[in-house]
Every structure is written in structure tokens, then in C-alpha cells.
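First the structure, in the form of C-alpha cells, and then the observations on it.
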Amino acid sequence: MDTRVSELFGAGSAFKTSSQGGGSGVNNGAGASTKKAISKNGKKAKNRSARHPKLSNNPPYLPPEVEEGNIEYKLKLVNPTQYRFEHLATQMKWRLQEGRGEAVYQIGVEDNGLLVGLSEADMRASLRTLRRMAEKVGADITVLREREVDYESEEPRKIAEVLVRKVPDDQQFLDLRVAVLGNVDSGKSTLLGVLTQGELDNGRGRARLNLFRHLHEIQTGRTSSISFEILGFDSKGEVVNYSESRTAEEICESASKMITFIDLAGHHKYLKTTIFGLTSYCPDFAMLVVSANTGIVGTTREHLGLAMALKVPIFIVVSKVDLCTKATVERTVRQLERILKQPGCNKVPLVVSSTDDAVTAAQQFAQSPRYLTALNTTSNHPVNNNKPSITPIFTLSSVSGENLDVLKVFFNILPPLSNSKEQEELMQQLTEFQVDEIYTVPDVGTVVGGTLYSGICREGEQLVVGPTDEGQFRELIVCSIQRNRSACRVLRAGQAATLALGDFDRSLLRKGMVMVSPEMNPTICWLFEAEIILLFHAKTFHKGFQVTVHVGNVRQTATVEALHGKEELRTGEKAVVRFKFIKHPEYLKVGAKLLFRHGVTKGIGQVTNLQPLSQYQQHS
Numbered sequence: 047m048d049t050r051v052s053e054l055f056g057a058g059s060a061f062k063t064s065s066q067g068g069g070s071g072v073n074n075g076a077g078a079s080t081k082k083a084i085s086k087n088g089k090k091a092k093n094r095s096a097r098h099p100k101l102s103n104n105p106p107y108l109p110p111e112v113e114e115g116n117i118e119y120k121l122k123l124v125n126p127t128q129y130r131f132e133h134l135a136t137q138m139k140w141r142l143q144e145g146r147g148e149a150v151y152q153i154g155v156e157d158n159g160l161l162v163g164l165s166e167a168d169m170r171a172s173l174r175t176l177r178r179m180a181e182k183v184g185a186d187i188t189v190l191r192e193r194e195v196d197y198e199s200e201e202p203r204k205i206a207e208v209l210v211r212k213v214p215d216d217q218q219f220l221d222l223r224v225a226v227l228g229n230v231d232s233g234k235s236t237l238l239g240v241l242t243q244g245e246l247d248n249g250r251g252r253a254r255l256n257l258f259r260h261l262h263e264i265q266t267g268r269t270s271s272i273s274f275e276i277l278g279f280d281s282k283g284e285v286v287n288y289s290e291s292r293t294a295e296e297i298c299e300s301a302s303k304m305i306t307f308i309d310l311a312g313h314h315k316y317l318k319t320t321i322f323g324l325t326s327y328c329p330d331f332a333m334l335v336v337s338a339n340t341g342i343v344g345t346t347r348e349h350l351g352l353a354m355a356l357k358v359p360i361f362i363v364v365s366k367v368d369l370c371t372k373a374t375v376e377r378t379v380r381q382l383e384r385i386l387k388q389p390g391c392n393k394v395p396l397v398v399s400s401t402d403d404a405v406t407a408a409q410q411f412a413q414s415p416r417y418l419t420a421l422n423t424t425s426n427h428p429v430n431n432n433k434p435s436i437t438p439i440f441t442l443s444s445v446s447g448e449n450l451d452v453l454k455v456f457f458n459i460l461p462p463l464s465n466s467k468e469q470e471e472l473m474q475q476l477t478e479f480q481v482d483e484i485y486t487v488p489d490v491g492t493v494v495g496g497t498l499y500s501g502i503c504r505e506g507e508q509l510v511v512g513p514t515d516e517g518q519f520r521e522l523i524v525c526s527i528q529r530n531r532s533a534c535r536v537l538r539a540g541q542a543a544t545l546a547l548g549d550f551d552r553s554l555l556r557k558g559m560v561m562v563s564p565e566m567n568p569t570i571c572w573l574f575e576a577e578i579i580l581l582f583h584a585k586t587f588h589k590g591f592q593v594t595v596h597v598g599n600v601r602q603t604a605t606v607e608a609l610h611g612k613e614e615l616r617t618g619e620k621a622v623v624r625f626k627f628i629k630h631p632e633y634l635k636v637g638a639k640l641l642f643r644h645g646v647t648k649g650i651g652q653v654t655n656l657q658p659l660s661q662y663q664q665h666s
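Going by the numbering used here, the first residue of the sequence shown is number 47, and it counts up by one from there.
Below you can see the structure in the form of C-alpha cells.
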């Protein structure tokens, strides 16, 4: 366990780790005699840290300030000179750019992380200066939390954590996508209805009716398709949703940050739709909803496994706490904690019960996976991806509204996983748009929905779409673009949108195609190789076996052509396998995550090699 994590979330865990380590050079007898005292102190410390996560640190330190990123430490900002003020405003602009429109300022903290604290007068003056800085760069500030620091001083000294958020301009709000997973009847659609509509549920599913897309969904109460809902936050952190009869366009105009929820199906019958939603729509985070009264049943474990296989950071919401006793809720939470701590998951569960916990959880949760990603991309050395990361657990009710505000605070603070540098690099590449949905709209023509994987897409731009059944690409023109049902002139990498293609023939399009720049020359293949691990199979996995392969927005049946170095595979074994699509060639990339299934058979892997279409045709 990371020492910082153990410090923040309970000294009990740290004691446990050190005692398990077996410590060389420690007398066994002494260890046995102090074991009781340590466990007792550990329990006390754990209880204290649950109430005051940061005050238990002694001496009071935060990690040292980093040059990159959107977190800035300031000891005090009292009456700066004009030159100093200009410098501070430029620095704030840089931090906002790093956080893609969001920054967090720690006031009363030295650059090395020491929590010095400020007097009441200095704190007020520093916050006034910070507000002036924010106004200069076109942003707003919100004080997330203030707390006293016990620093051997007669007068109370405080530190403050402040969120700085850019006021939106020209639809350039921060957009985070959250996939909603969980077993059928766990309350996923109801929770989204309550969050986005602003009205509590009546206990019989009234809140979810606006989310359903088909009549059979309303009749059965079960989601079978993928639907999208939005929750906005303005620059001051206030919720912007449909509660005041707002349209989606009005929400987009007044929101600085947008959470797009991807509501996925919970029933096992619709598993392929759920997998497609996870692989194709590139969610930033996944929210696993578990019903407090039923616990971990049905597809809950499967959905958790899918999110972890695709390396999507996951947090858990225990819903329907109004239906059962406190003991039942605690039992469900303990059940979740046991699963998360298992070697396969290797997570650090954190039960969030207050807004203070929510702020800490949001920052720690987003930092842990990003830290690993950064190490992977910048270092040639192997990185231990099994390092524990935080998994926040919320307990709430969509009927009574208990702890709903805590979840909203978490969404408000949750930072993006990619920084501005990674975003810039993606935008400088050639345009690549993944086609996930196809519609025909009266008076508009053919419309495609999906995600811009790289580059920039503008109205009137000429692209090519494919591959067709023959492996060809066809030219088309982007007539107009819409994001969250409102017009948009420019689409940037990582953003989801719908593109109108005018009178382009819809029958020439299908899900899984890509729209790319004409100069890209993409690799199209029938045959590809992947390094896989077989998660589960009843018998043996061998040549000739057929599976449904999911790679990004591609979903197609493929045949196992060969297993390199092996005749057959059993559950838990690894191998490099050559697959062949049976229907039409597809556009794939080396390094893309792969997920395959057939009945109860499941496996994951990574694409390692592609055989281009030209080579395959010559070979044939």
C-alpha cells in the first residue's frame, strides 16, 4: 500500500502492513508482547482518521508541490505588488491550462508541503487576492474546505483548499464521461434520473421514465439500450440540470463542467450492449451501482471485472439504503471491501460519508491511475501496475435523498485523467472519428454519433469513411456538428458528438467504421494477432473456435486461426493467437485493448500485429 494512502485513510492499515511484512531484525517475543497494543492503537487511529483524515498526519505535511499538474501551493497572497499580481495571474492561467479549465489552490501551505496555516485576517486577504486573480483570467473560485492546523501557535491558524474553474466560452466546457454499471434492478437509471432531473424518486421508479428509449423498457423497467444523460456544474460549482425546465442547450451554455452519464444495461441478456458501451464510448470513469438490500449478485462481479480489464477507474455507489437496516448496508459495504482487497483487484476501498471525504476521494481517485499512466509513458522501465489505487464507496438513497449531495460534490471536484499536454498531442494528430451510432433525421439526412479519437474536426471538412466490405474508403463532407444537442463548429480530440453527413447513403455505413483524414492511409485487416489471457472457458480453447471480438468500436465474430507455440488453451493461460474476421475487414491499431466472449467463455488481451489487406489478398 502507498504510504501516503495509508496516512490519509487510516493508520490502522499502515500498522497492518508493517506487521505483515515480518520486519527483519525485530525480536519475535517483543513483537508478540506489543501486538495487542498495536492493534488497539491501530483501531483508535483508524476511528480518528475516519473523522479527520488529514489532521492525524504528524508532522502536518502534504506531498511537495509539482511543476506540472493543476495543484498550486501558496503560503499567503496578502497585498501583492502589481508586478507580483501579474505573475500570479499568469501562473494561474498555466495551472488552469494543465487542468483543462480547473485548478486547485492550497492556501497556507509551503512549496515543500508543510501545512503552516494563516491567521483569520491573512486568510481573508489571501482569498480576496485569489478572487481578483481568477477574475483577471476569466474564472471563478469556490472554497472547498477550511481547517485548522495544530502548529504550536496561540491563535488559530487555518489552511484552505480552493477550486478555481474557468467560465465557459464557445462550448469549451470540461466534459467527463461516466459509464454506469451494475446488476439489473440495482437502481442505475433511477439514480441518474434523480441526479439530472433534480427531483427525488417516489420509490416506484418515476425518476427513470425520462431515460428510457423504448416502450418495452418502460413496461419491464429494464434498460436494454445505451442512453446518455448530462449533469452540468457552473464555474461556482453549482448544479445545472433540468430542474428549472432547462433544455440541453441551456445546460451546455451555462455549464463549465459537464458529466455525461452513459447508462448501460444490467441484465445478462444485454451483456454485448454493455461491453460495446464500455469499449466504444471511451468512458473516463465507471460508476458501479450495487443495491444495498441484495448485495453483490447477478452481473455485478462481471461488470466490475470488465471495467478493470479495460483499465477504467471505478467507484461504487450502494443504492436503496432507505429499504434496509444500517446493519444490512454495512454488510454490503464489507462484502464490497473484501472483493476490492483481493489480489485480482488490489484496490484500497474508501467509504465516503461527508463532503470533506468526497473532496479527498475525488483528488486521490483521479491521481492514482494517472500516476501509473504517466510512469508507463515516460519510463522505459517496467512499472508495477498492481499498485493499489483508491476506490471510493458511496451509500445513498434516490428516494430519501440521503448522501446525494456528497456524490454531487465528488462529481464537481473530479478532475480529468488527461492533462493539457496529452490533449494537445492528440489534437496535433490526423483526424480519426469512431462511428458508434447511425441515424436518419428528417430535413437533415444521415447523422453519425461517436467519439473523435484524435485530431480536430470542423464543419465543411472532407473526410473518408470505411472500411467497406471490400476494404475501401468513401469520401464525404461533414455538414454540421452537434455536442449535447447544441451546435458546435469545432470538435477536439476526446470529445463525443454527432456529425450530419447530408445526403450520404446510410446503407453504406455501419457501427465500427471510422472517419479519417484522406492522407492517413489507415491499416485495414482481415487477420490480426493478439496476446491474450483466457479468463474462463469450460473446456479447451483451440484452433477453429469462434468468438465475438470487441476492440474499441469494432464488434465482430472472429475465428481462431492459430495458437503460437500451443495446441490448446485452458482457463488462466496466456498465448499469442491469430484471429480472422468472418464478415468484413476492420480498421485496428497495434496496442489496442481486446475483449472476446462466446457464451461463458471470456478473455482479454492486446492487439500485437496486423496483417494488412494487401498482404492478405496476395496470400489468398
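Note that the Cβ used here is the ideal one computed from N, Cα and C, for glycine as well.
Subject >> Top-ranked residue by Cα proximity to C391, from A533, K282, T374 and F361 >> reply: Nearest in C-alpha terms to C391, of all of A533, K282, T374 and F361, is F361.
Subject >> Exposed unless 16 or more other CB atoms sit within 10 angstroms - verdict on T293 >> reply: T293 comes out exposed.
**OP:** Have a look at the DSSP bridge pairing and note the partners of R223.
**Re:** T306
Subject >> Where H630 sits in the DSSP three-state scheme >> reply: Here DSSP, grouped into helix, strand and coil, assigns H630 to coil.
Original post:
Based on the DSSP output, what are the partners of R529 in its beta bridges?
Top reply: S532
**OP:** Please confirm whether A338 and V364 have their CB atoms less than 7 Å apart.
**Re:** yes
**OP:** Using the Cα positions of S526 and I276, report the straight-line distance between them to the nearest angstrom.
**Re:** 21 Å
**OP:** Please state whether DSSP places S660 in a helix, a strand or coil.
**Re:** helix
**OP:** Measure how close the beta-carbons of K393 and T437 come, nearest whole angstrom, since I'm counting them as under 8 Å.
**Re:** 4 Å
Subject >> Backbone secondary structure at I484 - three-state DSSP >> reply: If DSSP states are grouped into helix, strand and coil, I484 belongs with the strands.
**OP:** Spell out the partners DSSP gives N567 in its beta bridges.
**Re:** Answer is none; N567 lacks a bridge partner.
Original post:
Going straight from the alpha carbon of G495 to that of E201, what length do you get?
Top reply: C-alpha separation (whole angstroms): 59 Å.
Original post:
In the DSSP assignment, what are the bridge partners of A546?
Top reply: Bridge partners of A546: V493 and S526.
Original post:
To which residues of the same chain is I579 closer than 7 Å at the C-beta, ignoring the five residues directly before and after it?
Top reply: K620, G649, I650 and G651
Original post:
Of all the beta strand (DSSP E) runs that stay within the bounds of the region 342 to 419, which reach a length of 3 or more residues?
Top reply: 360 to 365 and 393 to 398
**OP:** Kindly indicate the opening and closing residues of the beta strand (DSSP E) around S337.
**Re:** Looking at the DSSP string, the run of the beta strand (DSSP E) that includes S337 is F331 to S337.
Subject >> Where N655 falls: helix, strand or coil (DSSP) >> reply: Reduced to three states, the DSSP call for N655 is strand.
Subject >> Segment limits, alpha helix (DSSP H) that includes T175 >> reply: E166 to K182
Original post:
Are the region 534 to 552 and the region 478 to 493 touching by the rule of at least three beta carbon pairs closer than 8 Å?
Top reply: yes
Subject >> Element boundaries [beta strand (DSSP E), containing C503] >> reply: I502 to R504
Original post:
Of the residues E448, L573, N655 and E505, which one's Cα is nearest the Cα of F625?
Top reply: It is L573 whose Cα lies nearest to the Cα of F625.
Original post:
Taking just the CA atoms, how far does H314 sit from A91?
Top reply: Because the pLDDT of A91 is 44, which lies under 50, any placement of that residue in the model is unreliable, and the number read from its coordinates should be weighed accordingly. In a straight line, the C-alpha of A91 is about 43 Å away from that of H314.
Original post:
If you drop the 5 nearest sequence neighbours on each side, which residues of the same chain put their C-beta closer than 8 Å to that of V336?
Top reply: The beta carbon of V336 sits closer than 8 Å to those of G228, N229, S232, I342, T346, I362, V363, V364, S365, T378 and L382, all from its chain and outside the five residues before and after it, given in chain order.
**OP:** Within its chain, find whatever has a CB closer than 7 Å to the CB of V445; leave out the 5 residues flanking it on each side and keep chain order.
**Re:** L246, D247, G249 and D368
Subject >> CA-to-CA distance, N449 to D551, given in whole angstroms >> reply: Cα to Cα, the separation comes out at about 49 Å.
Subject >> Under the three-state DSSP convention, the category G649 falls into >> reply: strand
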